[in-house]
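See structure below.
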Amino acid sequence: MTLQIELNGVNKFYGSYHALKNIDLAIEEGTFVALVGPSGCGKSTLLRSLAGLEKISAGEMKIAGARMNDVPPRKRDVAMVFQSYALYPHMTVEENLTYSLRIRGVKKAEALRAAAEVATTTGLSHLMKRYPRELSGGQRQRVAMSRAIIRHPKAFLFDEPLSNLDAALRVHMRKEIRALHDRLGATSVYVTHDQIEAMTMADHVVVMRDGIIEQQGRPLDLYDRPANRFVAGFIGSPAMNFIPAVVEQDGRHLALDLGATQARLALVETVPAGASVTVGIRPEHIRIVGAGQGALDIPVGVVESTGSATYITSATQPELMVVETGRSAAVGGELIGLAIDPAQLHLFDAETGNRLGIGRAHESEKFAPRAAPHPAAATFSPS
Amino acid sequence: MKRILSSITDGRGFDVGLVSLPLAFLFVLSGLPLVYNVVMSFQEVDMFSLGSFSRPFVGFKNYIDLFGQPETWPILLNTAIFVTASIAGQFLIGFGLALFFWVSFPGASWLRGLFLVSWVMPGLVVGAIWNWILSGDFGVLNFLLRETGVISGNIFWRSDPSYSLWAVIIANIWLGTSFNMILLSVGLSGIPKDLYEAAELDGANAFQRFWTITLPMMRSTIGAIVALGLIFTLQQFDLFAAITSGGPNNTSNVTQYWAWDLSFRQYDFAKGATISVIMIVFVMFASVVYVRSTRHEVRG
Chain A
1 MTLQIELNGV NKFYGSYHAL KNIDLAIEEG TFVALVGPSG CGKSTLLRSL
51 AGLEKISAGE MKIAGARMND VPPRKRDVAM VFQSYALYPH MTVEENLTYS
101 LRIRGVKKAE ALRAAAEVAT TTGLSHLMKR YPRELSGGQR QRVAMSRAII
151 RHPKAFLFDE PLSNLDAALR VHMRKEIRAL HDRLGATSVY VTHDQIEAMT
201 MADHVVVMRD GIIEQQGRPL DLYDRPANRF VAGFIGSPAM NFIPAVVEQD
251 GRHLALDLGA TQARLALVET VPAGASVTVG IRPEHIRIVG AGQGALDIPV
301 GVVESTGSAT YITSATQPEL MVVETGRSAA VGGELIGLAI DPAQLHLFDA
351 ETGNRLGIGR AHESEKFAPR AAPHPAAATF SPS
Chain B
1 MKRILSSITD GRGFDVGLVS LPLAFLFVLS GLPLVYNVVM SFQEVDMFSL
51 GSFSRPFVGF KNYIDLFGQP ETWPILLNTA IFVTASIAGQ FLIGFGLALF
101 FWVSFPGASW LRGLFLVSWV MPGLVVGAIW NWILSGDFGV LNFLLRETGV
151 ISGNIFWRSD PSYSLWAVII ANIWLGTSFN MILLSVGLSG IPKDLYEAAE
201 LDGANAFQRF WTITLPMMRS TIGAIVALGL IFTLQQFDLF AAITSGGPNN
251 TSNVTQYWAW DLSFRQYDFA KGATISVIMI VFVMFASVVY VRSTRHEVRG
């Protein structure tokens, strides 16, 4: 595998504001990388720097081996799908698609043929003579993607392309984009604030906050072994529960601080005694048992049912959330017991938020990079 | 009665009331004079029949007489030159300035505001200033042209028949440029920035972006501005009064000034009205263009 995109010590300043801090990132050819993080974390700045729309202040940026620091966007040979789609409103779909070819001086017949070809695969053939204002949100999105595809660029850059679509269409387009990526064998960098999008679409997820990369890796690695409290809270939905705790003298037990009540949890590994920690427990890793039978008892606060799962929030401080598959018998005000598997615990230093050396039982499992096409690739069918 | 009252306080009656007020105003102060003017162009009007509305009807006699006069065609030609050159100059310089201030640099909006000075000044004052600038013996323009070697002798801008019209055109371009610049600036700022970014990534250089994005996206603004420019230049009267008074020998005379001259200096009200009617036709055409181009806004 060759490296398609390389960032070494990239920094970006807006005046005195430090938007990107020493970003190192290597993206292999053909990978789908998601940049994810809360607003203002620098993910869009990083993407725009890759496109050349922002000039980086320090560091080195390479695309397909060539240094790109001072190369203008039009010579970088990357295509971008904008959040707003940025379709040319005065041009028909066909003209939008052929724009980049016409600019490059490709013959008209050839450009039209290329546009027709791309339109067939993205299901736009019957819309070629329409103007963007006559299209629905999903269709515009498809035009924006087709406009990128027609160029066969070195990399596709996506800037939150799905955030203007409704929920159902978003889930559908998620699969389409991934299928497209697999079919084209392209290198894609995808910016999103939605961790579900990042987890479901990407081969490699980069979690950013305040201009730094907090953690990067395969989606499930991030879920299983978050490097710090921020990543732990960001990846996974509903979010991980955090409870302050102190390690007991034997180094094998935790004393949980639940405000009014106390509780003890066993650990699978030894940690330094007396350390102040934050315990992270994912809502889906807690089992509900009868009162007094689990590690701790909580009074039930709110019960929300989605049909397939039930979210139960405790009435205590700090709040705990439990996800139970299927229906739940729990009712508000009732006291329930929570059983927690020690192997599913995450420990973070109370002060730095960094992960303490406690691992998952089955963390050694390694995944090979996705070699076979995504299952959705075969069923790619624009609606 | 009660129903009408309640309709005025809560319903359609209020809307109708709001619309009818300006409509009545327009009808009394613009509609009636317009009709009166058209009627007058088909009548024989003199000083004695000026006070009454029932005057002898003469059909197209005024129009036939008007086009029989030797100065009519040169004045129409002058008007065409004045309108075309003024609009072209105002638009090109205004567009250039708008593009210049579009690139944000420290003080850009402040500097752009200063350009509006020319727009807020009364035409007569502008005329007076340009009288000094264009003055043949000690004018600043002649001084500059002479010192840079463009001309060898002084040009008497206001009294030389071959320059008199251009003297007014230069002043009018100066007067109208800032208005063009402001409207075009508004149009430019309405173009989404991401279109340029998309075009840049699609490989378009600055020149290609201007031709393929800026100009087509500005089409409605440009249409509106040219139509408004036609209306405003056909209304330009102050500068002629201040700079050349249409002279010498009608070489800088244009229809709008001539209409006034015929009506209120030669007391030939019928001919004055006739010229006005001809101008109304042109302005109506410009208005249609204006309304159409502002209606067809191209926006994603």
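Read top to bottom, the protein sequences are chains A and B. The letter at position 92 of the first sequence is residue 92 when you use full-length UniProt numbering, and the numbering goes up by one with no holes. The letter at position 87 of the second sequence is residue 87 when you use full-length UniProt numbering, and the numbering goes up by one with no holes. Cβ atoms here follow ideal geometry from the backbone N, Cα and C, with glycine treated the same way. Given the structure is predicted, the values throughout are model-derived calculations rather than measurements.
Look up residue i in the DSSP assignment and say whether it is helix, strand or coil.
| i | result |
| --- | --- |
| Ala-202(A) | coil |
| Tyr-14(A) | strand |
| His-172(A) | helix |
| His-362(A) | With a pLDDT of 40 at His-362(A), under the threshold of 50, the predicted position of this residue should be treated as unreliable, though the coordinate-derived value follows. Three-state result, His-362(A): coil. |
| Glu-319(A) | coil |
| Ala-275(A) | coil |
| Ser-6(B) | helix |
| Tyr-131(A) | coil |
| Phe-32(A) | strand |
| Ala-291(A) | coil |
| residue 407(A) | Any property of residue 407(A) remains undetermined from this structure, which presents chain A solely from 1 to 383. |
| Met-40(B) | helix |
| Lys-75(A) | helix |
| Ile-213(A) | strand |
| Phe-237(B) | coil |
| Val-247(A) | strand |
| Asn-62(B) | helix |
| Asp-162(A) | According to the sequence shown, residue 162(A) is Leu rather than Asp. Here Leu-162(A) sits in coil by DSSP. |
| Lys-21(A) | strand |
| Leu-18(B) | helix |
| Val-93(A) | helix |
| Asp-224(A) | helix |
| Phe-282(B) | helix |
| Thr-261(A) | strand |
| Asp-297(A) | strand |
| Gln-266(B) | coil |
| Glu-200(B) | helix |
| Val-106(A) | coil |
| Arg-252(A) | coil |
| Asn-253(B) | coil |
| Ser-125(A) | helix |
| Asn-154(B) | coil |
| Gln-83(A) | coil |
| Gln-4(A) | strand |
| Glu-117(A) | helix |
| Ile-63(A) | strand |
Cβ closer than 7 Å: which chain A residues qualify as neighbours of residue i?
| i | result |
| --- | --- |
| Gly-203(B) | Arg-74, Ser-100, Ile-103 and Arg-104 |
| Pro-216(B) | His-90 |
List, in chain order, every chain B residue whose beta-carbon is nearer than 9 Å to that of residue i.
| i | result |
| --- | --- |
| Ala-51(A) | Glu-197, Glu-200 and Leu-201 |
Give me the chain A residues within the contact set of residue i, using Cβ-Cβ distance strictly less than 9 Å, ordered along the chain.
| i | result |
| --- | --- |
| Ile-213(B) | Tyr-88 and His-90 |
| Pro-192(B) | Ser-84, Ala-86 and Pro-89 |
Which chain A residues are close to residue i, counting only those with a beta carbon under 8 Å from its beta carbon?
| i | result |
| --- | --- |
| Gln-208(B) | Ile-103 |
- Item | Where the stretch 59 to 93 of chain A meets chain B: residues whose CB sits under 9 Å from a CB there | Residues Pro-72, Pro-73, Arg-74, Lys-75, Arg-76, Asp-77, Val-78, Ala-79, Met-80, Phe-82, Gln-83, Ser-84, Tyr-85, Ala-86, Leu-87, Tyr-88, Pro-89, His-90 and Met-91.
- Query: With contact counted as at least three CB pairs below 8 Å, one residue from each stretch, are the stretch 317 to 335 of chain A and the stretch 279 to 293 of chain A in contact?
  - Reply: Contact holds: three or more Cβ-Cβ distances are below 8 Å.
- Can we say the stretch 245 to 259 of chain A touches the stretch 203 to 213 of chain A, given the rule of at least three CB pairs closer than 8 Å? The stretch 245 to 259 of chain A makes no contact with the stretch 203 to 213 of chain A; the number of CB pairs closer than 8 Å stays below 3.
- Query: What runs of the beta strand (DSSP E), each 3 residues or longer, lie entirely inside the stretch 330 to 358 of chain A?
  - Reply: Those beta strand (DSSP E) runs which fall completely within the stretch 330 to 358 of chain A and span 3+ residues are 335 to 340 and 346 to 349.
- Check whether the stretch 132 to 140 of chain B touches the stretch 205 to 214 of chain B, counting contact only when three or more Cβ pairs, one atom from each stretch, lie closer than 8 Å. Two segments are said to touch when three or more pairs of C-beta atoms, one from each, lie closer than 8 Å; by this definition the stretch 132 to 140 of chain B does not touch the stretch 205 to 214 of chain B.
- Please go through the stretch 64 to 145 of chain B and give each complete alpha helix (DSSP H) segment of 4 or more residues, from N-terminal end onward. Entirely contained in the stretch 64 to 145 of chain B, the alpha helix (DSSP H) runs reaching 4 residues are, in chain order, 72 to 102, 108 to 115, 117 to 120 and 123 to 134.
- Message: So, does the stretch 306 to 313 of chain A touch the stretch 267 to 278 of chain A, judging by three or more C-beta pairs under 8 Å?
- Response: These segments do not touch.
- Task: State whether the stretch 10 to 28 of chain B contacts the stretch 248 to 256 of chain B, with contact taken as three or more CB pairs (one from each stretch) at a distance under 8 Å.
- Result: Because the criterion of three Cβ pairs below 8 Å is not met, the stretch 10 to 28 of chain B and the stretch 248 to 256 of chain B do not touch.
- Task: Please confirm if the stretch 218 to 231 of chain B is in contact with the stretch 277 to 297 of chain B, defined as three or more CB-CB distances below 8 Å between the two stretches.
- Result: Per the Cβ contact rule, the stretch 218 to 231 of chain B is in contact with the stretch 277 to 297 of chain B (3 or more Cβ pairs under 8 Å).
- Touch test, the stretch 215 to 233 of chain A against the stretch 71 to 80 of chain A, Cβ-Cβ under 8 Å, three pairs minimum: No, the stretch 215 to 233 of chain A is not in contact with the stretch 71 to 80 of chain A.
- Task: Inspect the CB distances between the stretch 156 to 175 of chain B and the stretch 120 to 133 of chain B and report whether three or more fall short of 8 Å.
- Result: Inter-segment contact for the stretch 156 to 175 of chain B and the stretch 120 to 133 of chain B is present: three or more beta-carbon pairs are separated by less than 8 Å.
- Message: With a threshold of 8 Å, are at least 3 pairs of Cβ atoms found where one atom belongs to the stretch 30 to 46 of chain A and the other to the stretch 184 to 200 of chain A?
- Response: Yes, the stretch 30 to 46 of chain A is in contact with the stretch 184 to 200 of chain A.
- Item | Meets three-Cβ-pair contact criterion under 8 Å: the stretch 148 to 158 of chain A and the stretch 88 to 105 of chain A | Taking 8 Å as the limit for Cβ pairs, the verdict is that the stretch 88 to 105 of chain A does touch the stretch 148 to 158 of chain A.
- Query: Is the stretch 175 to 191 of chain B touching the stretch 91 to 99 of chain B in the sense that three or more CB pairs, one from each, lie closer than 8 Å?
  - Reply: With a cut-off of 8 Å, the stretch 175 to 191 of chain B and the stretch 91 to 99 of chain B count as touching, because enough Cβ pairs lie within range.
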